[in-house]
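Just below is one structure, and these are the notes that go with it.
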DNA sequence: CCGCAACTGTATATAGCGTAAACGCACTTG
DNA sequence: CAAGTGCGTTTACGCTATATACAGTTGCGG
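Protein chains in written order, with the working numbering: chain V, 1 to 248; chain F, 249 to 496.
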């Protein structure tokens, strides 16, 4: 994300762009009458950007690359999308289509919330760039994103927790999935092996500075795959929530 | 983060840069003998970049801005730092200086781990860009980062959990702090108010699509400040860990 | 003490980015 | 059929990281 060319009146521009960005996300755009037919749609553009990001990462998605995908110039996209930030927002919405149906996961809050987390996890796995895309500055939430949020909150309704508590639990679970996806996204086989080799060598040389870490590595804390990270974290969190419920 | 100019031999270059980057982080650089005295150090450069990022955000930190801070040209920095990614790594290390001392927090694993989380939280609060800086592609960990990790793992040693479990718990807590800092970093007073206004209007129009969300907002789930997010999440997680310990 | 080698900083150049502005042209509606 | 609107292009600007070539400074070995 590079800076805008003319930063003057940036605030005004941002403020006025917000509604149009929202309208775009909610599909509340009225199509024009008196001109040539548009050859593209914001959705088609977003879809192309998504496949591009899936293949080569978010950082290689540029207006130019997306435009050439359609055989048009980069500036042509600006007829459909206000700017790149809005395009990324559309990408997120595109990927979150198909809001989750948790009714098949069982009736308990725990089963449903767990299912929600696993579904979210799968989305992150399928589109690793989603993390970086949602990690940027405060973006507006589209309907699909809200639908996911709604599903999680709905799962928490039978718990008897207060609204504030339910919201916090939602944030907790969502954050856990995110942070785990983060790790996974960082994980690159070759690079990681090389890093591990060099770091372990350094650790040997400085083992007195990091006793607990050295011991943990010696005990195989990093190499053992006995624990599924997602389920482990989720079980701890949901156990903790259960404690809270029982206490009330 | 823009692309490199000449992507050829990128792999070779990356592989060969990794050790030099590590050497930089660990301060294992031997100073030269036969030239003009260096006017800068990697650490001073990183420090300037940190204050810049603290003031105006990570995305405005450019080689040029940092260089002019010292009154030198941008290219001069490349005498001390291989590239921008390495500079960011140095920034992270600079900010994580002063590894935590948890012995004052009490003797129990829970008190110590909780103290660790709060300290980490404060670092994120003081340097909001730290999130984005560590969220990028797999970076190598410097000694300070490892020291933080070591402290958390040390706090978990008296729990009786397996090494793998302790590692997972560490990841869980660290992730929780991260994801919470994420939210906080996204939070911008003005922008958020505007967003809330527009979104709530949209929610009113589509309340049937998001029943649980609408209800949650009506119940004040988002406006009430009764719960401290960090403590709430931490209490749930640590309760869950306690359950695991008791079960063993 | 001198010259070479090593080292620093600069100037220049390249490839890429997002996007503002102006323009020709195709098309649809009056 | 003419009007005029909206599409797509071309051009240009300011910004990014960084490769390369060079000029200036310093200290060691002969």
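Even for Gly, the Cβ is constructed at its ideal location relative to N, Cα and C.
Nearest to residue i by alpha carbon, out of the options?
i: residue 391 (chain F); options: F:476, F:365, F:340; result: F:340
i: residue 327 (chain F); options: F:280, F:347, F:370; result: F:280
i: residue 205 (chain V); options: F:289, F:276, F:304; result: F:276
i: residue 95 (chain V); options: V:127, V:159, V:87; result: V:127
i: residue 288 (chain F); options: F:267, F:274, F:320; result: F:320
i: residue 165 (chain V); options: F:334, F:291, F:481; result: F:481
i: residue 468 (chain F); options: F:448, F:457, F:483, F:496; result: F:448
i: residue 332 (chain F); options: F:367, F:311, F:434, F:458; result: F:311
i: residue 457 (chain F); options: V:145, V:50, V:247; result: V:145
i: residue 107 (chain V); options: V:158, V:183, V:222, V:211; result: V:158
i: residue 431 (chain F); options: V:185, V:183, V:178, V:186; result: V:178
i: residue 471 (chain F); options: F:290, F:441, F:322; result: F:441
i: residue 42 (chain V); options: V:60, V:86, V:69; result: V:86
i: residue 318 (chain F); options: F:347, F:286, F:348; result: F:286
Mind reading off the beta-carbon distance from residue i to residue j? Whole number of angstroms is fine, and I expect it under 8 Å.
i: residue 213 (chain V); j: residue 398 (chain F); result: 4 Å
i: residue 168 (chain V); j: residue 300 (chain F); result: Not confirmed; about 34 Å, so no contact.
i: residue 357 (chain F); j: residue 404 (chain F); result: 6 Å
i: residue 249 (chain V); j: residue 488 (chain F); result: Given that chain V is displayed from residue 1 to residue 248, the structure contains no residue 249 (chain V) and the question cannot be resolved.
i: residue 111 (chain V); j: residue 105 (chain V); result: 5 Å
Taking 8 Å as the cut-off, decide whether the C-beta atoms of residue i and residue j are in contact.
i: residue 464 (chain F); j: residue 163 (chain V); result: yes
i: residue 418 (chain F); j: residue 402 (chain F); result: no
i: residue 423 (chain F); j: residue 176 (chain V); result: yes
i: residue 124 (chain V); j: residue 131 (chain V); result: yes
i: residue 428 (chain F); j: residue 338 (chain F); result: no
i: residue 102 (chain V); j: residue 117 (chain V); result: no
i: residue 245 (chain V); j: residue 173 (chain V); result: no
i: residue 381 (chain F); j: residue 336 (chain F); result: yes
i: residue 377 (chain F); j: residue 325 (chain F); result: no
i: residue 195 (chain V); j: residue 388 (chain F); result: yes
i: residue 55 (chain V); j: residue 66 (chain V); result: no
i: residue 21 (chain V); j: residue 82 (chain V); result: yes
i: residue 254 (chain V); j: residue 274 (chain F); result: Not covered by the structure: residue 254 (chain V). The range shown for chain V is 1 to 248.
Can you list the residues of chain V that residue i reaches, using a CB-CB cut of under 7 Å?
i: residue 267 (chain F); result: 198
i: residue 411 (chain F); result: 216, 219, 220, 221
i: residue 297 (chain F); result: In chain order: nothing, as chain V lies at least about 17 Å away.
i: residue 474 (chain F); result: 164
Taking C-beta pairs closer than 7 Å, name the residues in chain F that residue i reaches, listed in chain order.
i: residue 153 (chain V); result: 460, 461, 464
i: residue 222 (chain V); result: 415
i: residue 182 (chain V); result: 383
i: residue 26 (chain V); result: 450
i: residue 45 (chain V); result: Here the premise fails: no neighbours, minimum Cβ distance about 22 Å.
Listing by chain order, which chain V residues have their CB less than 8 Å from the CB of residue i?
i: residue 420 (chain F); result: 176, 232, 233, 236, 237
i: residue 369 (chain F); result: Going along chain V, no residue has its Cβ under 8 Å from residue 369 (chain F), so there is no contact; the nearest lies around 13 Å.
i: residue 427 (chain F); result: 171, 174, 175, 176, 178, 179
i: residue 334 (chain F); result: Near residue 334 (chain F) there are no residues of chain V at all, since even the closest Cβ is about 14 Å away, more than 8 Å.
i: residue 342 (chain F); result: Within chain V, no residue comes near residue 342 (chain F); the closest Cβ sits about 18 Å away, beyond 8 Å.
Starting from residue i, find everything on chain F with Cβ-Cβ shorter than 9 Å and list it in chain order.
i: residue 141 (chain V); result: 443, 447
i: residue 241 (chain V); result: 484, 487, 488
i: residue 245 (chain V); result: Neighbours of residue 245 (chain V) on chain F: none; closest Cβ ~11 Å, over 9 Å.
i: residue 150 (chain V); result: 457, 458, 459, 460, 461, 462, 464
i: residue 269 (chain V); result: Here chain V has residues from 1 to 248 only, and residue 269 (chain V) is not among them.
i: residue 74 (chain V); result: None at all; the shortest Cβ gap to chain F is about 16 Å.
Mind pulling the chain F residues with CB within less than 8 Å of residue i?
i: residue 249 (chain V); result: Since the displayed chain V opens at 1 and closes at 248, residue 249 (chain V) lies outside it and no answer follows.
i: residue 229 (chain V); result: 416, 419
i: residue 126 (chain V); result: Here the premise fails: no neighbours, minimum Cβ distance about 19 Å.
With a threshold of 7 Å (Cβ to nearest heavy atom), would residue i be considered close to the ligand MN?
i: residue 368 (chain F); result: Absent from the structure shown: the ligand MN. Ligands present: none.
Cβ closer than 9 Å: which chain V residues qualify as neighbours of residue i?
i: residue 338 (chain F); result: The contacting residues do not exist; residue 338 (chain F) stays about 16 Å from chain V at best.
i: residue 395 (chain F); result: 209, 210, 213
### Task
Output the residue ranges of the alpha helix (DSSP H) runs that lie fully inside the segment 321-349 of chain F and measure 4 residues or longer, sorted by chain position.
332-343
### Message
Give the list of continuous alpha helix (DSSP H) stretches no shorter than 4 residues that lie fully inside the segment 183-233 of chain V.
### Response
189-205, 211-218
### Task
Within the segment 114-140 of chain V, note down every full alpha helix (DSSP H) run reaching 4 residues or more, in order along the chain.
Within the segment 114-140 of chain V, the complete alpha helix (DSSP H) runs of at least 4 residues are 129-135.
### Query
Curious, which full-length beta strand (DSSP E) runs of at least 3 residues does the segment 142-181 of chain V contain?
none
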